[in-house]
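Under mature numbering (1 follows the signal peptide of the UniProt record, and there is no 0), read the sequence shown as residues -19 to -1, 1 to 71, first letter to last. Glycine included, every Cβ here is placed at the ideal spot set by N, Cα and C. Model, not experiment: these values are computed from the prediction.
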Amino acid sequence: MQRLPLAVALFLAASGVSAQETDTLGTPLGRKEVTPPAAQTSMGDLLSKGYQIKAAIPNGGKFVVFMQKDQSAYACEMQSLTASRCGTLN
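Right, dumping it as structure tokens:
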């Protein structure tokens, strides 16, 4: 009779480990997120390619700027007046 609680405890522990390993919602802790080179650019590059600023939203001490050209869109984080990083939205 004591084997049943032990078996349940082992099953729950194993399923928790399995869920942590198969989680695909984000980058696992301790690993650096890898982005494709084409998906990350700067605001200056996008402006020179004809992208237009559609919105700018304050986020703490920084701004998030949304840019669009035709069916392509980027979100850019303004780190300073001369430094930004942008990632593709679609």
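Candidates the options: closest to residue i by CA position
i   : options               : result
Q52 : L70, N40 and S61      : L70
A37 : K50, E58 and Q21      : E58
M48 : A64, D26, G25 and Q33 : Q33
G31 : K43, G41 and K50      : K50
Local Cβ density within 10 Å of residue i, reported as buried at 16 or more and exposed below that
i   : result
S29 : exposed
S61 : exposed
Segments assigned alpha helix (DSSP H), at least 4 residues, entirely inside the segment 36 to 65
Here no run is fully enclosed.
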